[in-house]
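Going by the working numbering, the sequence shown opens with residue 155, and the numbers climb by one from there. Built from N, CA and C at the ideal position, the CB exists for glycine as well. From a predicted model like this one, the values you see are computed outputs, not experimental measurements. Beneath this line is the structure, given in structure tokens, with notes to follow.
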Amino acid sequence: MSNKKAPTFFESVQLNFDKAAVHTGLPKGLLEQIKVCNSVYQMRFPVKIGNEYQVLEAYRVQHSHHRMPTKGGIRYSSMVNQDEVMALAALMTYKCAIVDVPFGGAKGGIRISPRNYTPKQLEKITRRYTAELIRKNFIGPGIDVPAPDYGTGAREMAWIVDTYTTMKHGEIDGAACVTGKPVNQSGIRGREEATGRGVYYGIKEFFSHKDDCKAIGVTPGIAGKSIVIQGLGNVGSFAGKISQHEGDAKIIAVSEYEGAIYSESGIDIDKLLKFRKETGSILGFPGTKNLPNNNDALLLECDVLVPAALENVINASNANKIKAKVIAEAANGPISGDVEDILLKKGIVILPDMYLNAGGVTVSYFEWLKNLSHMRFGRMEKRFNSNTYENLVALVEEMTGKTVGSAERIFLTRGADEIDLVRSGLEETMVTAYNQIREVKKRKRNINDLRTAAFVSSLNKIASDYLTLGIFP
Ligand code: GLU
155 MSNKKAPTFF ESVQLNFDKA AVHTGLPKGL LEQIKVCNSV YQMRFPVKIG NEYQVLEAYR
215 VQHSHHRMPT KGGIRYSSMV NQDEVMALAA LMTYKCAIVD VPFGGAKGGI RISPRNYTPK
275 QLEKITRRYT AELIRKNFIG PGIDVPAPDY GTGAREMAWI VDTYTTMKHG EIDGAACVTG
335 KPVNQSGIRG REEATGRGVY YGIKEFFSHK DDCKAIGVTP GIAGKSIVIQ GLGNVGSFAG
395 KISQHEGDAK IIAVSEYEGA IYSESGIDID KLLKFRKETG SILGFPGTKN LPNNNDALLL
455 ECDVLVPAAL ENVINASNAN KIKAKVIAEA ANGPISGDVE DILLKKGIVI LPDMYLNAGG
515 VTVSYFEWLK NLSHMRFGRM EKRFNSNTYE NLVALVEEMT GKTVGSAERI FLTRGADEID
575 LVRSGLEETM VTAYNQIREV KKRKRNINDL RTAAFVSSLN KIASDYLTLG IFP
């Protein structure tokens, strides 16, 4: 291990930014404007917990205003600090550009461990945080739109939208002040699974390119690939479940904070989640063996390693020992900036966070559009399409003299529901973005990793927005 001080998370993002910036040919001033965090709001507020007041530390950072509103989740964790929120906000800017979601990047966080609070106390904290954001004009459908992140979910988003619409009574687009809401409270179907599903589409797309598979010595196709998942939260569990159900991939190990488990023949994620709910742990899951240390899972031989929890899990202490062929960054910033080259030199392909976990914000965008249109997707065309398909099937039957079976008829004549449209929009987004990044990598001979290519693709899009704004003529 070297004695050099490891970069902070924000420094890691900046390191990767600088590495890519030299390939863009963009003016220095413009790059500087893109790189910095525009607004950093640091707050302290008191909340009465039991009989005493706790003064909580919280943040909202808006990294870039080149597109409005700004967008990004809110994290509840005892690790939250200004550097982390700034890094995450910056990643949101690049992420949105990569998947053509027309937002600037932002992120928020409260430095608490949600496990230490009751739901009532969490509600109080969330509502107070929202009130602080409203007071400073740091939230609103056209200003800044939060969403879930590590330690938060639909429940917290429901408290936020309720606080917002109460304080901003009569604002017709109020529901669009936050995304990731429960479906029955102006949310959208498919948002909860979106980040994990996007991770699956991204991995699947990588394995669909024969040349790229050949380069790392694997057969094309996601089916049968061995996957290790670190972190079984929202992102890790959906990525695992969907890879298993729809991709026929094999999850050979799972790691969580209580430990890690391994099975060469594969772990059923649905059953594992049920087991963990009942026993409070993944350890001892039938048919698997416990690994002595939860970090050991990262070092296993596998086709795909999916870090799906927090930043900086692959760092100077373990980078040399990673044996995966592909690292799929479901989490934000799981690889420390100073060890990236070690992994690349080993020939490991890194599917970068700013692309791979963009499914969440993509479906957040769909939710925001749904809220602004005040109508569910599919309402206008579902029946029309279904009637058209019915007519086509009837015509084919008439012309051939044969009858279509009832199961096939249902399949052929169905009009798309909201969930179908959300999934298809997400798949289209992930496939298109991957191919854009891949093209940049192929076109620029001296770029040999996907993160740099993703950054270049993203920076060029952001730069052209600035040019449209007339700020950097
Ligand atoms: N927190 C998620 C992320 O890191 C989602 C953000 C959003 O939906 O706005 O991408």
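Close Cβ partners of residue i (< 6 Å) along its chain, the five nearest in sequence each way excluded
i      : result
Val353 : Ala393, Ala484 and Leu510
Ser267 : Ser232
Val209 : Arg198 and Pro200
Trp313 : Glu277, Thr280 and Arg281
Val234 : Gly263 and Arg265
Gly624 : none
Lys615 : Ala251
Ala607 : Ile591, Val594, Lys595 and Ile601
Ile297 : Pro223
Phe429 : Phe439
Residue burial classification, residue i (beta-carbon count within 10 angstroms, cutoff 16)
i      : result
Met155 : Low local confidence applies: a pLDDT of 45 at Met155 is under 50, so the model's placement there is unreliable, and no value is given.
Asn388 : buried
Met534 : exposed
Tyr588 : buried
Arg568 : exposed
Ser527 : exposed
Gly324 : exposed
His220 : buried
Tyr411 : exposed
Val315 : buried
Gly344 : buried
Met529 : exposed
Met311 : buried
Ser618 : exposed
Lys379 : buried
Met584 : buried
Thr317 : buried
Thr586 : exposed
Met553 : exposed
Tyr207 : exposed
Leu546 : exposed
Asn466 : buried
Thr433 : exposed
Ile370 : exposed
Asp402 : exposed
CB contact below 9 Å: residue i versus chain D
i      : result
Met233 : Protein chains in the displayed structure number just one, and chain D is not present.
In DSSP terms, what residue i is bridged to
i      : result
Gly199 : Residue identity check: residue 199 is Phe in the sequence provided, not Gly. Leu210, per the DSSP bridge assignment.
Gln216 : Ser193 and Ala260
Arg229 : Gly263
Pro302 : Ile228
Ile468 : Ile489
Val380 : Looking at the sequence provided, one finds Ser at residue 380 rather than Val. According to DSSP, which records beta bridges pairwise, Ser380 is partnered with Lys404.
Same chain only: Cβ atoms within 8 Å of residue i, ignoring 5 sequence neighbours per side
i      : result
Val515 : Lys225, Gly226, Met246, Lys249, Cys250, Val253, Val255, Phe257 and Ala301
Asn668 : With the chain covering only 155 through 627, there is no way to say anything about residue 668.
Leu505 : Gly356, Ile357, Phe360, Val480, Ile481, Ala482, Glu483 and Leu604
Cys456 : Ser380, Ile381, Val382, Ile406, Ala407, Lys477, Ala478 and Lys479
Asn472 : Asn449, Leu452 and Leu453
Sequence-distant residues of its chain with Cβ nearer than 7 Å to residue i (five each side left out)
i      : result
Cys191 : Val215, His217, Met240, Ala243 and Ala244
Leu575 : Phe531 and Gly532
Gly420 : Lys404, Ile405 and Ile406
Thr557 : Glu551
Lys475 : Leu453
Asn448 : Ser409, Glu410, Tyr411, Gly413 and Ala414
Gln339 : Ala312 and Val315
Pro374 : Phe361, Ser362, Lys364 and Cys367
Ile423 : Ser391, Gly394, Lys395, Gln398 and Ile405
Pro161 : Leu169, Ser490, Gly491 and Asp492
Pro336 : Ala308 and Ala312
Phe171 : Lys189 and Phe609
Exercise. Enumerated in chain order, which unbroken segments of the alpha helix (DSSP H) with a length of 4 residues or greater are wholly contained in the stretch 383-464?
Worked result: 388-399 and 423-433
For this session: Can you check the stretch 474-540 for any alpha helix (DSSP H) of at least 4 residues that lies completely inside it and give the ranges in chain order?
Result: 494-499, 507-510 and 513-527
Exercise. Taking only runs of the alpha helix (DSSP H) that begin and end inside the stretch 339-370, which ones reach a length of at least 4 residues, in chain order?
Worked result: 348-361 and 364-369
Exercise. In the stretch 273-297, which residue ranges form an unbroken alpha helix (DSSP H) of at least 4 residues, counting only runs that do not cross its ends?
Worked result: 273-289
Exercise. Which residue spans inside the stretch 533-599 form an unbroken alpha helix (DSSP H) run of at least 4?
Worked result: 536-554, 560-567 and 572-597
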